[in-house]
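Quick note on numbering that gives the first Met the number 0: the sequence shown kicks off at 0 and runs consecutively.
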Amino acid sequence: MRTTAFIAIMVTALAGATAGTATAGTAGEYVALGDSAAAGPLILPPDLSSPGCLRSLANYPHVAAKALGVPLTDVTCSGATTADMTAPQQTSAGAVPPQLDALGAQTRTVTVTIGGNDVGLVGAATSCINLLPGIVPDCVDRYTAGGHDQLAEKIAAFEPVWGALLEAIHAKAPDADVFVAGYGTYLPHNGCWPIAPLTARDANYIQGSIDKTNAALARQAAAHNARYVDVRTASIGHDVCKLPGVKWFESVIPTSVAAPLHPNADGMAAIGGLVAAAVRAPVNG
């Protein structure tokens, strides 16, 4: 997705890029952290302050910040892993600072979506694309060979790392409310080959692995004084198999200007609404 075509899109959209994202080097009232599921690659208009991050000015942090009426520092970056929260991330346009550098004593709200790249969810999904089902073996057999579920084992290994990240966020922004926004329901039960070119077994395995990731993130949020925003449940019925205007996520071949296997503008608007509602909700509500 880091292509010349995208650079051309950014240039043509420059006139549409609006102000509203605080400078990444200053701690904002609301700081958004995370990977491409938060950054919104290819969704117009782009945030040209960090072109290598493929960040959109219409991603869920911007939607939520507008709804809440608060200034935003958005340092979400496509391709980010948990390691990029505390170390510089290399992008096609150069390195960007550690995302936690955007936090400070004045930060009051933090959202984070992370973990998918740690586990390799998108890579697993693309490796499972099958144009010849019944001839080409299901990839679930490869991922679970020998009785070891590779993705489940990665999720289990990273779960305490995600908890440690939440503690690091609290240390950098001690007065902030922290919200962990999970990943969505990208695929319905048994999928929808060929719209999403995965066999039924593979579609269930990939979505099941996303669900396991969400469950781990929810557990760590509960254990580390953060609130979990359940995108999975809200997005049921808005998967990649649905028509434009209904679906929140794009399939392998997008039908709107959004990255494959990522939220589209409708999805970002909906997720931003979920996040804003979570921020407004009483702690025990």
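For every residue, glycine included, the Cβ atom is placed at its ideal position computed from N, Cα and C.
Every value quoted in this text rests on a predicted model; they were computed, and no experiment measured them.
Closest by C-alpha distance to Ile270, out of Ile154, Cys240, Ala66, Leu131, is Ala66. With distances taken between CA atoms, Gly181 lies nearest to Ala214 out of Ala214, Val135, Ile205. From the listed residues Ile205, Thr198, Cys127, Ala172, the smallest Cα separation to Ala151 is found for Ile205. For Phe157, no beta strand (DSSP E) encloses it; the enclosing alpha helix (DSSP H) starts and ends at 149-171.
The three-state secondary structure of Tyr142, taken from DSSP, is helix.
Relative to the Cα of Asn116, the nearest Cα in the group Leu53, Ala79, Pro96, Gly146 belongs to Ala79. In this structure, DSSP gives Leu32 an extended state, which the three-state scheme calls strand.
Per DSSP, Thr106 lies in no beta strand (DSSP E) segment and is marked neither H nor E.
For the 8 Å CB-CB criterion, Trp192 and Pro132 form a contact.
By the Cβ neighbour-count rule, Thr110 is buried, with 16 or more other Cβ atoms within 10 Å of its own.
The three-state reading of DSSP puts Asp210 in helix, counting H, G and I together. Per the Cβ contact rule, the stretch 116-125 is not in contact with the stretch 94-104 (fewer than 3 Cβ pairs under 8 Å).
Taking every protein chain shown into account, the CB of Asn224 has fewer than 16 other CB atoms within 10 angstroms, so this residue is exposed.
Within the same chain, Ile113, Asp117, Val160, Leu164 come within 6 Å of Thr81 by CB-CB distance, once the 5 residues on both sides are set aside.
Judged by their CB atoms, Pro243 and Val251 are not nearer to each other than the 8 Å cut-off.
When only Cα atoms are considered, Ser126 and Ala104 end up about 43 Å apart.
With contacts defined as CB atoms closer than 8 Å, Ser234 and Gly183 qualify as a contacting pair.
Here Asn263 is actually not in contact with Ile128; their C-beta atoms are around 19 Å apart, not less than 8 Å. The continuous alpha helix (DSSP H) containing Ala264 extends over residues 264-279.
Thr81: not part of any alpha helix (DSSP H); DSSP gives it neither H nor E.
Non-local beta-carbon contacts of Leu130 in its own chain, meaning distances under 8 Å to residues more than five positions away in sequence, involve Pro193, Pro196 in chain order. Going by beta carbons, Arg218 and Ala277 fall outside the 8 Å limit. For Asp210 and Arg231, the gap between their C-alpha atoms comes out near 8 Å. According to the DSSP secondary-structure assignment, Cys191 is paired through a beta bridge with Ala195. By DSSP's assignment, Arg226 forms a beta bridge with Phe178.
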